[in-house]
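Asks: Sending over a structure as structure tokens; questions will come in a sec.
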Amino acid sequence: MTKVIINGEEVDIELTKWEFNKIKDILNREPNLTETQMVSVMYSEHCSYKSSRPKLKIFEDAEKNYDYVLAGPGQDAGVIDIGDGYVLAFRIESHNHPSAIEPYHGAATGIGGIIRDILCMGARPIALLDPLRFGSLKDNPHSQWLFKYVVKGIADYGNCTGIPTIGGEVEFDDSFETNCLVNVACIGLGTIEDFEHAPSRAYNPGDYVILMGGSTGRDGIHGVTFASRTLTEMSEEDRPAVQIGDPFTKKMIIEATLDAVKTGYVRGLKDLGGGGLTCATSELTGDGNTGAEIQLRKVFTREPGMTSYEIMLSESQERMAFIVKPDGLEKVLDIFRKYEMAHAVIGRTDDSKVLKVFDNGNLVVNMPSKALAESPTFKREEKKPSYLDNLLSQKTPKYSLSLEEIIYNLIASENICSKEWVYRQYDHEVGVRSVVKCGDGDSGVLRIIGTDKFIAASVGVNSKHCFLDPYEGAKGGLVEVCGNVIANGAKPMAMVNCCNFGNPEIPESFWYFSKAVDGMNDFCRSLKIPIVGGNVSFYNEDEVTKTAIKATPMIMIVGIIEGEKNIITLPFKDVGNDIFLIGETKAELGGSEYHSVLHNIEGGVPPTVDEEKIKAIWEFLFELYNRNLVKANHDVNKGGVVITIAEMCFRNKLGANLDFNNCYGEKLRDDEFLFSETVGRFVIEASPKDLDLILDLATQFKIDLKKIGMLISKPEITISGIKSKQFKLDLVKMKRLYDSTIPNLMDI
Amino acid sequence: MNIKIAVIQFPAANCDLDAIHVLNNVINVQADLVWHNHFKESNYDAVVLPGGFSFGDYLRAGIIAAHSPAIDEARIMLKDGRPVIGICNGFQILTEAQFLPGALLRNESLKFSCKWVNLKVENNKTACTNKMNVGDVLAFPIAHGEGRYYTDNLKELEDNNQIVFRYSTESGDLTEEANPNGSLENIAGISNLDQNCIGLMPHPERASEEILSPKGTVHGKLFFESIIDFIKRRVS
Amino acid sequence: MQANFIVEIIMTNKEMARDPVGATIKRDLLAKKGYDMISNVRSGQYLRIHISAENEENAKEIIEDMCNKLRIFNPVTQNLTILRVSKS
Amino acid sequence: MQANFIVEIIMTNKEMARDPVGATIKRDLLAKKGYDMISNVRSGQYLRIHISAENEENAKEIIEDMCNKLRIFNPVTQNLTILRVSKS
Ligand SMILES: Nc1ncnc2c1ncn2[C@@H]1O[C@H](COP(=O)(O)OP(=O)(O)O)[C@@H](O)[C@H]1O
Ligand SMILES: [Mg+2]
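Chains as they are written, first to last, in our numbering: chain G, 1 to 748; chain L, 749 to 984; chain U, 985 to 1072; chain W, 1073 to 1160.
In structure tokens, the structure reads:
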């Protein structure tokens, strides 16, 4: 907080002295209160990325390097061309802080926000995904409360707007107890034509600026950056810090917006999110190299007596700004009338490159539009935390339980057990596109109706791995999430990420961010995956204990499958088929579920990534797919290979005889092999008649592949070829444990 | 003959385009998406009230839509025997508009539930079951939070053979486990006395194509083909 | 002469239609222990309506009539209670 | 000495927060049906709790405590009003 004198009155602002002086330089005069507060919002970390922007610069060249990338980082959403005249728009965003104090509305408005970002690109939102993090559920009513209402908030908002939630991920770890993570992703489907004629910019002078949707209230102003006492006489308790979502209005906005875009008269489109009208008007004109005159009192407000900066800064939900060609005004307004959506023409663009806002004839804002859109940046210090070396050198203790007891424990653990309790609450089928549904594959697969194309999407990252090594952990996250879409037959096309970290002003917290960005960047460049967007959430740090969340660079991958016959699913299909393990297993138990569930330790060496080997495995898998050799596929991650195989057995009530002879050498212990979380491995099912061909191809592609067993009709897994004596697992029991963990904790 | 079906777009209906897709592209009949304020019954042979969250389900699922002018138009169709079909939210609207008896209450679990269930056909004389047999077990998905059917007049429903579908096991048993929401007597769908108005909670439009359905079941198609058949027989 | 009133109404489920919300809170209480002094929980929907009317009686009448006509409550499953009418 | 009481409570969104349910009922139902004497509708949840307690004050306290502890309402966005405590 800085104290400055504006109009003879002392006010607290979030800007530094330096920033405040910079505005004076730009304006060549003293800014007034409204202007100062607008700048202070636009320069906030949330809107300006002032800590992260220097680092994120390395992501910026996707549009240049990949011709199918139509919009890269910097736009409201990444957009790729998928052929046949269609584009996909997608983005992931965090809504952590609001959800931590009001899980239901916090999560719901998170969904509302991400939907608007996709809509801005002129695309119809067709899928949502929701990677989440909470403290451990067991004996923790607070975590249970957050989990229950975050899921309900997402469900109520997503279901009502008719967008299927096709996937997600949940991890429970005590570092998230006070700072839960609610990341939400949305995918939109549009045509190239609609995308091109409705950019998030106002390029043309003389166009109308229209506000449409919910009314503007005082809610959310508090959520931005500055002290409230200058705002209104209302006391603080009277003012909700968290917004109330209205999915019904949102659904109407989606339909009205898409209809309006179809007319061809909409020449610019922007949602009102953080920073409200200030952010929308300054970005539309700043990026479009135009200016605008805005009549503030045309904005329809919910409460009487709102001041000019309250209107400019309100973050009321469910609003969109349109830039409309003069000759299409009535056509567009007719659409809003049909849907009975409140709307107002609030101004016009011009070529002044200045944003002028009038309040009843008084000029209250008069600033170059670019001044707001381009904020200064900060270089932050980074330093590797001193505790890491100790943690990394932690050894895996000897185990005392039997291997089968360990596996029963693992499958029932919160991070490995079934997440059906979550996805049953989401309508994951509305839209009649969901071909591989929640639980049937590693990713959600949607068809593009009218083509023989399918898209697959998955989200995730392993926070425990990233905590020990953010560079390798971020890469490992990419391997896993790409692996998820590949397991369903899709080629990874593009990535977006959501960086969830602690306080960037603390060098140790910034180090995590910096290393994770490097990891994502290096991996994506070597595997040729464009990074088309991202979002940063800092300050996920407990102020009392001064501890940050485990670093979580959340990753979303969107992939494409050409042709229905190339879709692969997770469940094992037929008795007698062979089971293969692809990829070498290393003693990588650092940050594993085995360490935390069985030994209650967090350390050890986490998995590292060898890009060359990963690439070879992916190419090999696509070769198998081309030849129709794969009946089922699932990537190996938390809990290790036996857990993976059990999950594949459940659906069709099959079992497996496994023999791990030759799978690992003298140096590895049984637990190091069985519970290793080495990334990039897959378990596949294939017909025995193809055995020789598969082995030949594996040699040809120089990849590690072992036949490890066969499918049987009895619901059990037998394991031999290990150093200890062979043992047997009861799959009926495993399934019961797998299914009941979360319901037992949540549905008391 | 040139059959025309209207699918009503209530504010925040969201299975409207899905129903249009199936009717137009799978069943191959002409189906129009009609905004609820613009609907005129005289143009159509049947009307479908699709799933979704009309008016956000605020106050009670279906109640605000039940006051839409589209319902007055649909009432004319109801009276002269043309099919009036309500799927999910459409079913809720039909009960709130009193086209069908009873009410749909919050699921016993208080949670929204999206999953595939089995339905036993109890009456194959209705406008959307005439291509099925009594006792057939169908696979349809559900996706609702307020689907618990309740009536204070069960006996009348049973006596008049108005129960069309019940939740069952795969082998057709009407067990408690097979009941996904606590509905009275496992009721999933009912009809009016004339059997031209049917409401059901499950989604036939999500079960009308092979690629979306469990192996060997495309039962939603039978539902829509029955409607077409009923229209043809009614006209001739 | 018109004046402004507030009419508050409550809609609860009839006994036969059950009340899972109330039942769940009750079950929750039992599980949490220490709340065995609570023997029953019933839930309902609450609406507060601002209306201009001639007098309290008239305000109440309009709302009652409206609730019946528009089926603000579902008579098959719910009971309606007019909680109170007050000057606003 | 313990006696039986009924505590009735109402949870509503804070006054400054939106109430999409109330707003929609007013705009899309009441206004369209000609009830333009109604200027505002706010919605909420109602609970009626049977409790055994020492006295009214004590009954009230237990319920307030319970609503907070069990997170039956969230003070960030909602208000809790004890409507009345009565002997049962
Ligand atoms: N938060 C969530 N929302 C929706 N679906 C989820 C969520 N968490 C998990 N799922 C679904 O559960 C299934 C298994 O998830 P997960 O265990 O994370 O997969 P994996 O086996 O790839 O690790 C997937 O279909 C996934 O999309
Ligand atoms: Mg996976």
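Just so you know, even glycine gets a beta-carbon here, dropped at the ideal spot from N, CA and C.
(1) Can you tell me whether residue 928 of chain L is buried or exposed? The criterion is at least 16 other CB atoms within 10 Å of its CB, across all chains shown.
(2) Less than 8 Å separating the beta-carbons of residue 673 of chain G and residue 403 of chain G?
(3) What in chain L is Cβ-close to residue 1055 of chain U, meaning under 8 Å?
(4) Check the DSSP bridge columns for residue 128 of chain G and list the partner residues they point to.
(5) From the DSSP output, in three-state form, read off residue 461 of chain G for me.
(6) Could you pull the start and end residues of the alpha helix (DSSP H) that residue 394 of chain G belongs to?
(7) Which whole-angstrom value is the C-beta distance of residue 953 of chain L and residue 770 of chain L, which I expect to be below 8 Å?
(8) Which value, in whole angstroms, describes the spacing of the CA atoms of residue 677 of chain G and residue 708 of chain G?
(9) Is the beta carbon of residue 113 of chain G less than 8 Å from the beta carbon of residue 438 of chain G?
(10) Is the shortest distance between the beta-carbon of residue 968 of chain L and the beta-carbons of chain U less than 8 Å?
(11) According to a CB-to-CB cut-off of less than 8 Å, which residues of the stretch 1007–1019 of chain U neighbour chain L?
(12) Is there a Cβ of chain W sitting closer than 8 Å to that of residue 217 of chain G, yes or no?
(13) Which word fits residue 486 of chain G, buried or exposed, when buried means at least 16 other C-beta atoms lie within 10 angstroms of its C-beta?
(14) So residue 1121 of chain W and residue 1005 of chain U are supposed to be a Cβ contact under 8 Å. How far apart are they, rounded?
(15) Looking at the unbroken beta strand (DSSP E) that takes in residue 711 of chain G, where does it start and where does it end?
(16) Measure the CB-CB distance between residue 474 of chain G and residue 461 of chain G and report whether it falls below 8 Å.
(17) I need the DSSP call for residue 222 of chain G, collapsed to helix, strand or coil.
(18) Return the first residue and the last residue of the beta strand (DSSP E) that residue 344 of chain G is part of.
(19) Going by DSSP, name the residue or residues bridged to residue 556 of chain G.
(20) Using a Cβ-Cβ cut-off of 6 Å (strictly less than) and excluding sequence neighbours within five positions of residue 1028 of chain U, which residues of its own chain qualify?
(21) Please state if the CB of residue 661 of chain G and the CB of residue 772 of chain G are separated by a distance shorter than 8 Å.
(22) Is the beta carbon of residue 1067 of chain U less than 8 Å from the beta carbon of residue 999 of chain U?
(23) Using three-state DSSP, classify residue 281 of chain G as helix, strand or coil.
(24) Residues of chain G with a CB under 9 Å from the CB of residue 762 of chain L: which are they?
(25) Flag this pair as touching only if the stretch 65–82 of chain G and the stretch 115–126 of chain G have three or more C-beta atom pairs under 8 Å; answer yes or no.
(26) Nearest by alpha-carbon distance to residue 484 of chain G: which of G/559, G/428, G/511 is it?
(27) Any C-beta of chain W sitting closer than 8 Å to the C-beta of residue 763 of chain G?
(28) Excluding the 5 residues flanking residue 1003 of chain U on each side, which residues of the same chain have their C-beta closer than 7 Å to its C-beta?
(29) For residue 375 of chain G, which residues from the same chain have a beta carbon less than 7 Å from its beta carbon, with the 5 sequence-adjacent residues on both sides left out?
(30) Leaving out the 5 sequence neighbours to the left and right, which residues in its chain are closer than 8 Å to residue 812 of chain L when beta-carbon positions are compared?
(31) Could you tell me the distance, in whole angstroms, from the CA atom of residue 427 of chain G to the CA atom of residue 20 of chain G?
(32) Locate the alpha helix (DSSP H) running through residue 749 of chain G, then write down its first and last residues.
(33) Using the beta-carbon count (16 or more within 10 Å), is residue 210 of chain G buried or exposed?
(34) Give the DSSP-derived three-state secondary structure of residue 781 of chain L in the structure shown.
(35) Taking the alpha carbon of residue 52 of chain G as the reference point, which residue from G/284, G/711, G/637, G/536 has its own alpha carbon closest?
(36) Which same chain residues end up closer than 6 Å to residue 273 of chain G when comparing Cβ atoms and leaving out the 5 residues on each side of it in sequence?
Replies: By the coordinates alone:
(1) In the second sequence, the residue the question calls residue 928 of chain L occupies position 180. Taking every protein chain shown into account, the CB of residue 928 of chain L has 16 or more other CB atoms within 10 angstroms, so this residue is buried.
(2) The residue labelled residue 673 of chain G in the question sits at position 673 within the first sequence. The residue labelled residue 403 of chain G in the question sits at position 403 within the first sequence. Not closer than 8 Å, so no.
(3) For this step, residue 1055 of chain U is matched to residue 71 along the third sequence. Neighbours of residue 1055 of chain U on chain L, chain order: 811, 814, 844.
(4) Here the question's residue 128 of chain G lines up with position 128 in the first sequence. Answer is G/165, G/186, bridged to residue 128 of chain G.
(5) Locating residue 461 of chain G in the first sequence gives position 461, where the first residue counts as 1. In the structure shown, residue 461 of chain G falls within a coil segment according to DSSP collapsed to helix, strand and coil.
(6) In the first sequence, the residue the question calls residue 394 of chain G occupies position 394. Here residue 394 of chain G belongs to no alpha helix (DSSP H), and DSSP marks it neither H nor E.
(7) Here residue 953 of chain L refers to the residue found at position 205 of the second sequence. Here residue 770 of chain L refers to the residue found at position 22 of the second sequence. Rounded, the Cβ-Cβ distance is 5 Å, consistent with contact.
(8) Position 677 of the first sequence holds residue 677 of chain G. Position 708 of the first sequence holds residue 708 of chain G. Cα-Cα distance, rounded: 18 Å.
(9) In the first sequence, the residue the question calls residue 113 of chain G occupies position 113. In the first sequence, the residue the question calls residue 438 of chain G occupies position 438. No, these two residues do not count as a Cβ contact at 8 Å.
(10) In the second sequence, the residue the question calls residue 968 of chain L occupies position 220. Not one chain U Cβ lies under 8 Å of residue 968 of chain L.
(11) 1008
(12) Here residue 217 of chain G corresponds to residue number 217 of the first sequence, with the count starting at 1. With 8 Å as the cut-off, residue 217 of chain G counts as an interface residue toward chain W.
(13) In the first sequence, counting from the first residue as 1, residue 486 of chain G sits at position 486. Classification for residue 486 of chain G: buried.
(14) By 1-based counting over the fourth sequence, the position of residue 1121 of chain W is 49. By 1-based counting over the third sequence, the position of residue 1005 of chain U is 21. Not quite, the Cβ-Cβ distance comes to about 12 Å (not below 8 Å), so this is no contact.
(15) Residue mapping note: residue 711 of chain G aligns to position 711 of the first sequence, counting from 1. 705–712 is the span of the beta strand (DSSP E), which, as asked, contains residue 711 of chain G.
(16) Here residue 474 of chain G corresponds to residue number 474 of the first sequence, with the count starting at 1. Here residue 461 of chain G corresponds to residue number 461 of the first sequence, with the count starting at 1. Yes, the Cβ-Cβ distance between residue 474 of chain G and residue 461 of chain G is below 8 Å.
(17) By 1-based counting over the first sequence, the position of residue 222 of chain G is 222. Its pLDDT being 49, under 50, residue 222 of chain G is placed unreliably by the model, and the measurement read from it follows with that caveat. Three-state result, residue 222 of chain G: coil.
(18) Locating residue 344 of chain G in the first sequence gives position 344, where the first residue counts as 1. Start and end: 343–350.
(19) Taking the first residue of the first sequence as position 1, residue 556 of chain G is located at position 556. Residue 556 of chain G is bridged to G/459, G/496.
(20) Within the third sequence, numbered from 1, the residue matching residue 1028 of chain U stands at position 44. Setting aside the 5 residues that flank it on each side, residue 1028 of chain U is surrounded in the same chain by 994, 995, 996, each with a C-beta closer than 6 Å to its C-beta; the list follows chain order.
(21) Given a span of 1 to 748 for chain G in the structure shown, any question on residue 772 of chain G remains unanswerable.
(22) By 1-based counting over the third sequence, the position of residue 1067 of chain U is 83. By 1-based counting over the third sequence, the position of residue 999 of chain U is 15. No, these two residues do not count as a Cβ contact at 8 Å.
(23) As a first step, residue 281 of chain G is located in the first sequence; it is residue number 281 there, counting from the start. Correct three-state label for residue 281 of chain G: helix.
(24) Locating residue 762 of chain L in the second sequence gives position 14, counting from the first residue. What residue 762 of chain L touches in chain G: 159, 160, 161, 162, 163, 251, 427, 430, 431.
(25) With a cut-off of 8 Å, the stretch 115–126 of chain G and the stretch 65–82 of chain G count as touching, because enough Cβ pairs lie within range.
(26) To locate residue 484 of chain G, count along the first sequence from 1; it is residue 484. Closest by alpha carbon: G/559.
(27) In the structure as shown, chain G starts at 1 and stops at 748, and residue 763 of chain G therefore has no counterpart that could be examined.
(28) Along the third sequence, one-based indexing puts residue 1003 of chain U at 19. Same-chain partners within the cutoff: 997, 1026, 1027.
(29) Here residue 375 of chain G refers to the residue found at position 375 when the first sequence is read from its first residue. Only 42, 43, 48, 50 meet the Cβ criterion.
(30) For the purposes of this step, residue 812 of chain L is identified with residue 64 of the second sequence, where counting begins at 1. Closer than 8 Å at the Cβ level, and outside the excluded window around residue 812 of chain L, lie 802, 803, 806.
(31) Within the first sequence, the letter at position 427 stands for residue 427 of chain G. Within the first sequence, the letter at position 20 stands for residue 20 of chain G. It is roughly 48 Å from the alpha-carbon of residue 427 of chain G to the alpha-carbon of residue 20 of chain G.
(32) The shown model of chain G, from 1 to 748, leaves out residue 749 of chain G, and the question about it has no answer.
(33) Working through the first sequence from its first residue, we reach residue 210 of chain G at position 210. With 16 or more Cβ atoms within 10 Å of its Cβ, residue 210 of chain G is classed as buried.
(34) To locate residue 781 of chain L, count along the second sequence from 1; it is residue 33. Under the three-state reduction of DSSP, residue 781 of chain L is assigned to strand.
(35) Here residue 52 of chain G corresponds to residue number 52 of the first sequence, with the count starting at 1. Comparing Cα positions, the closest option is G/536.
(36) As a position in the first sequence, residue 273 of chain G is number 273, starting the count at 1. These residues qualify, in order along the chain: 113.
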